[in-house]
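Here the structure is laid out as structure tokens; the discussion comes afterwards.
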Amino acid sequence: MNTLNTRGKIFNLLNLSVPVLMGISIFLNPFPHTTSLKEVCFYGSVIITLILACCSKIDFSFKSPLTLPFALFSIWAFICLFFALDKGGSIHDFRAHLLKYIVFYYILINYFNSSNRLVYLSWIVILSAAIFSAGEIIYFYAMLGNTLSTKLVTGITEVPVNWIGFFAVPAAIFSLHNIITDNSLRIKIISILCILPISILCFLTQTRSTVLALFLSVIILCFKNKKILVVCLGILFIATAMSPIKDRITNGDLITALRLDIHYTTLQVIKDFPIMGIGFGMETYGNGEFFDLKKYNKKVPEKYRGYIHTDPHSMPFSIAVRTGLIGLAFFLNIFFATFMMGWRCIRQGKDDDWARSLISAVVAVLVIGFFEPSFSHVPEVVFYTLLAMMTIVFIRE
């Protein structure tokens, strides 16, 4: 009897350890020099989940509106491996940047599938971004002595400045969600204290895609409450007017701002590889070993020729060039299924506030992803976490 009780306690402890390990992995996402710890937490969660599943101690489910979209895209990406220019790199990235995060997604929807755990997950995202933001602001301006007009540069190869919006904007949206919907004064105050450094960092990076994502996501989140919408937009307009980013928006080169020079070159590559793409490997496009980007750059109108970038700088263009137009269609279907989940929740009045917040956050990631490199571990953790949260809102009782 004691042995049975001990085994039961061990399994209960293992069950509780998975969300803790996953939470640590997500919390550490933006922080540099934590890769080993994040990998230990994630793969530890995978191993424990497999043990519990094999011992029938967890009812692990693959039931999700995203299962079919994931399967279609994964199968097509797998087929593309056979036609990849760099088969070794494509196989590695297929495992490390697709299969890994699909597993990540399913662990989240199975272990954070309650109202309380969904809230915990949102707070992990908020606190992680808030601490990172406060630390960056203090270090760059207070410790290094830069003026507030200086564009904040992280100096961290793991988290370049144009990735900050991927985790900062969703965290700001979740904080604003708490301020609007939560009845607890304590929660409102903590959310305000968190949203301040996060929002300030978004403007200090002077990244136009991040500011655009902030505006659009706030409009979606607050659309049903016009008074709050006016106040939030007013604050954003004032912050934009007072920030140096105003000059980048009004005086910046439109071609560079919209990445037209990069997209024209990428489009020429897509024309040569429209069906299967060049392969799933993310280094294939820019390493110069398999094709010459200069040759494709010469094909674009002279007006749009410029510095040759080694990354498409766009989520949809990156998918299209790596998996072809069919792969792009399957990938966009993941977004379509996600937005449909949110729309149904709003229409049915089922957690419509959460659904609206998550739609706002996914739109923010999509907007930033259209202009910035998106397929690296920091953006991917955010992306698949948001997909999991939307799924949890949709399928929970």
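Using numbering that gives the first Met the number 0, the letters of the sequence shown map in sequence onto residues 0 to 396. Here a beta-carbon is modelled for each residue, glycine too, at the ideal position from N, C-alpha and C.
Below 8 Å CB to CB, which residues in the same chain sit around Ile227 once its five sequence neighbours on both sides are set aside?
-> Here residue 227 refers to the residue found at position 228 when the sequence shown is read from its first residue. Once the five neighbours on either side are set aside, the close Cβ partners of Ile227 are Ile179 and Cys221.
Flag this pair as yes or no: are the beta carbons of Ser16 and Cys40 separated by less than 7 Å?
-> Stepping through the sequence shown from its first residue, residue 16 is reached at position 17. Stepping through the sequence shown from its first residue, residue 40 is reached at position 41. Contact flag unset, no.
Please confirm if the segment 144 to 156 is in contact with the segment 204 to 224, defined as three or more CB-CB distances below 8 Å between the two stretches.
-> yes
Touch test, the segment 294 to 311 against the segment 354 to 362, Cβ-Cβ under 8 Å, three pairs minimum = no
Which of helix, strand or coil DSSP assigns to Met389 = Within the sequence shown, numbered from 1, the residue matching residue 389 stands at position 390. Met389: helix per DSSP, three-state reduction.
Could you check if His176 is buried or exposed, using at least 16 other CB atoms within 10 Å of its CB as the buried criterion?
-> Residue 176 sits at position 177 when you count from the first residue of the sequence shown. By the 10 Å Cβ count, His176 comes out buried.
Rounded separation between Phe290 and His312 - CA only | Taking the first residue of the sequence shown as 1, we reach residue 290 at position 291. Taking the first residue of the sequence shown as 1, we reach residue 312 at position 313. In a straight line, the C-alpha of Phe290 is about 18 Å away from that of His312.
Among the residues of its own chain, which have a CB less than 7 Å from the CB of Glu135, if the five just before and after it don't count?
-> Counted from its first residue, the sequence shown places residue 135 at position 136. Closer than 7 Å at the Cβ level, and outside the excluded window around Glu135, lie Leu151, Thr153 and Leu200.
Report buried or exposed for Met314, applying the criterion of at least 16 other Cβ atoms within 10 angstroms of its Cβ.
-> Residue 314 sits at position 315 when you count from the first residue of the sequence shown. Under this definition Met314 is a buried residue.
With distances taken between CB atoms, is the gap from Gly88 to Thr384 smaller than 7 Å?
-> As a working note, residue 88 is residue 89 in the sequence shown. As a working note, residue 384 is residue 385 in the sequence shown. Result no, Cβ atoms of Gly88 and Thr384 do not sit closer than 7 Å.
Are the beta-carbon atoms of Pro273 and Gly323 separated by less than 7 Å?
-> Within the sequence shown, numbered from 1, the residue matching residue 273 stands at position 274. Within the sequence shown, numbered from 1, the residue matching residue 323 stands at position 324. For Pro273 and Gly323, yes; Cβs fall inside 7 Å.
Would you say Ala95 and Cys193 are within 7 Å of each other, going by their C-beta atoms?
-> For the purposes of this step, residue 95 is taken as the residue at position 96 of the sequence shown. For the purposes of this step, residue 193 is taken as the residue at position 194 of the sequence shown. No, the pair does not count as a contact, with Cβ atoms beyond the cut-off.
Range covered by the alpha helix (DSSP H) that runs through Val118 = Numbered from 1 along the sequence shown, position 119 holds the residue referred to as residue 118. Its alpha helix (DSSP H) spans residues Ser114 to Ile136.
Let me know the secondary structure DSSP gives Gln205 once reduced to three states.
-> To locate residue 205, count along the sequence shown from 1; it is residue 206. The answer is coil: DSSP assigns Gln205 none of H, G, I, E or B.
When the Cα atoms are used, what is the spatial distance from Val158 to Phe374?
-> Here residue 158 refers to the residue found at position 159 of the sequence shown. Here residue 374 refers to the residue found at position 375 of the sequence shown. Their Cα atoms are separated by approximately 12 Å.
Using the Cα positions of Leu266 and Pro300, report the straight-line distance between them to the nearest angstrom.
-> Counted from its first residue, the sequence shown places residue 266 at position 267. Counted from its first residue, the sequence shown places residue 300 at position 301. Roughly 12 Å between the two C-alpha positions.
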